[in-house]
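Here's the structure we're looking at; comments come further down.
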Amino acid sequence: MLGKLTSVVCALAAVATTSVLAHSWVDCVKYDPINQVCLGYPRGYPGRQNVDINTVYTYMFDASPATQPMCSPKQQSGVNYSDKFPMATAQPGETIYTTWEQNGHLDNAKPTKIEVYYYSDSNKQFTDVSQRKDAKVAGTMNFATDANCYIPGYPNSVCLGSWVVPADLVPGQVYHFVWFWYFNANPAGQWYSTCFDVQVNTASHVVQTAGLPALMAKGNPNINYVWGVTDT
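First residue of the sequence shown? That's 0 in numbering that gives the first Met the number 0, and the numbers climb one at a time after it.
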């Protein structure tokens with residue numbers, strides 16, 4: 000375990016030297032803040048032990064394009080998960096807690112927004128950014144504020160948001176979702192996406208909580224989950 004922790008600390012130091020300059024993506028689709036474990040990841044998640052994660056996992060839409068693939072090439076190509084970084088499972092109506100890093104973009108006065116898009120048809124995939132116009136919205140979240148980032152003064156703080164698995168999804172099916180951040184640093188428009196899937200079941204691990212403030216009070220996440228390390 001000591002060797003594993005040593006490698007985790009070294010990898011974190013390597014990522015921290017560059018990630019403040021980058022933008023953001025989802026690290027954990029379904030996070031349990033009480034037990035500090037990740038129960039589901041995005042498509043093709045490489046883990047933060049990959050020191051090039053900023054370049055291989057950031058996916059940007061610049062100047063409000065009318066058309067562009069909705070997901071990065073690796074995420075668009077298929078439903079790619081692993082034993083280390085599995086797909087999330089959830090049940091209709093369940094509240095999901097998702098994490099990302101603020102990367103220096105905290106804004107309490109005019110926080111930028113995230114929307115989680117989906118379709119009720121499990122056979123339908125997001126292929127182009129123009130599909131936002133007819134997609135459904137599972138949730139809207141602030142990107143980074145004092146209220147939803149664990150260490151607001153730290154530019155690489157983990158931030159937490161919640162959304163609800165739609166009640167009209169059918170158990171036994173896999174559904175495609177998109178986390179879509181309207182950053183808009185470019186006046187013409189600048190957006191970012193992370194694509195993921197959820198296996199909808201009749202039962203799943205549900206985080207029991209009184210709400211986001213109560214979960215934030217549990218303390219800063221154990222960073223091990225971004226490496227797929229589950230034994231702390």
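Note that CB positions come from ideal geometry on N, CA and C, so glycine has one too. As the structure is a computational prediction, the values presented were derived from the model and not from experiment.
Beta-carbon gap between residue i and residue j smaller than 7 angstroms
{"i": "Cys158", "j": "Ala143", "result": "yes"}
{"i": "Pro91", "j": "Ala202", "result": "no"}
{"i": "Glu93", "j": "Ser23", "result": "no"}
{"i": "Gln67", "j": "Gly43", "result": "no"}
{"i": "Thr98", "j": "Cys27", "result": "yes"}
{"i": "Ile113", "j": "Trp180", "result": "yes"}
{"i": "Trp178", "j": "Val25", "result": "yes"}
{"i": "Val128", "j": "Met69", "result": "yes"}
Residue range of the unbroken beta strand (DSSP E) whose run includes residue i
{"i": "Asn141", "result": "135-141"}
{"i": "Val115", "result": "112-117"}
{"i": "Gly27", "result": "Position check: residue 27 holds Cys in this sequence, whereas Gly was assumed. Here the beta strand (DSSP E) through Cys27 covers 25-27."}
Cross-strand partners of residue i (DSSP beta bridge)
{"i": "Asp106", "result": "According to DSSP, which records beta bridges pairwise, Asp106 is partnered with nothing at all."}
{"i": "Phe60", "result": "Trp190"}
{"i": "Asp31", "result": "Val36"}
{"i": "Ile95", "result": "Trp162"}
{"i": "His22", "result": "Answer by DSSP bridge pairing: none, since His22 is not bridged."}
Opening and closing residue of the alpha helix (DSSP H) in which residue i lies
{"i": "Gln198", "result": "Unbroken run through Gln198 is the beta strand (DSSP E), 189-199; no alpha helix (DSSP H)."}
{"i": "Leu214", "result": "211-215"}
Three-way DSSP call (helix, strand, coil) for residue i in this model
{"i": "Ala87", "result": "strand"}
{"i": "Pro68", "result": "strand"}
{"i": "Leu159", "result": "strand"}
{"i": "Gln225", "result": "According to the sequence shown, residue 225 is Val rather than Gln. Here Val225 sits in helix by DSSP."}
{"i": "Thr54", "result": "helix"}
{"i": "Val36", "result": "strand"}
{"i": "Val128", "result": "helix"}
{"i": "Asn219", "result": "coil"}
Proximal residues to residue i (C-beta, below 7 angstroms), its chain only, five neighbours per side dropped
{"i": "Val205", "result": "Glu93"}
{"i": "Ala89", "result": "Lys29, Ile95, Val164, Val197, Val199, Ser203"}
{"i": "Ala21", "result": "Here Ala21 scores only 42 on pLDDT, less than 50, and its place in the model is too uncertain to base an answer on."}
{"i": "Val55", "result": "Pro45, Asn49"}
Residue i: CB within 6 angstroms of a non-hydrogen atom of the ligand SAH
{"i": "Met86", "result": "This structure simply doesn't include the ligand SAH, nor any ligand for that matter."}
Own chain, CB closer than 6 angstroms to residue i, minus 5 neighbours either side, in chain order
{"i": "Ser119", "result": "Asp167"}
{"i": "Asp145", "result": "Asn107, Pro151"}
Cβ neighbours of residue i in the same chain (closer than 8 angstroms, five flanking residues each side left out)
{"i": "Ala87", "result": "Val28, Lys29, Leu38, Gly39, Tyr40, Ile95, Phe195, Asp196, Val197, Gln198"}
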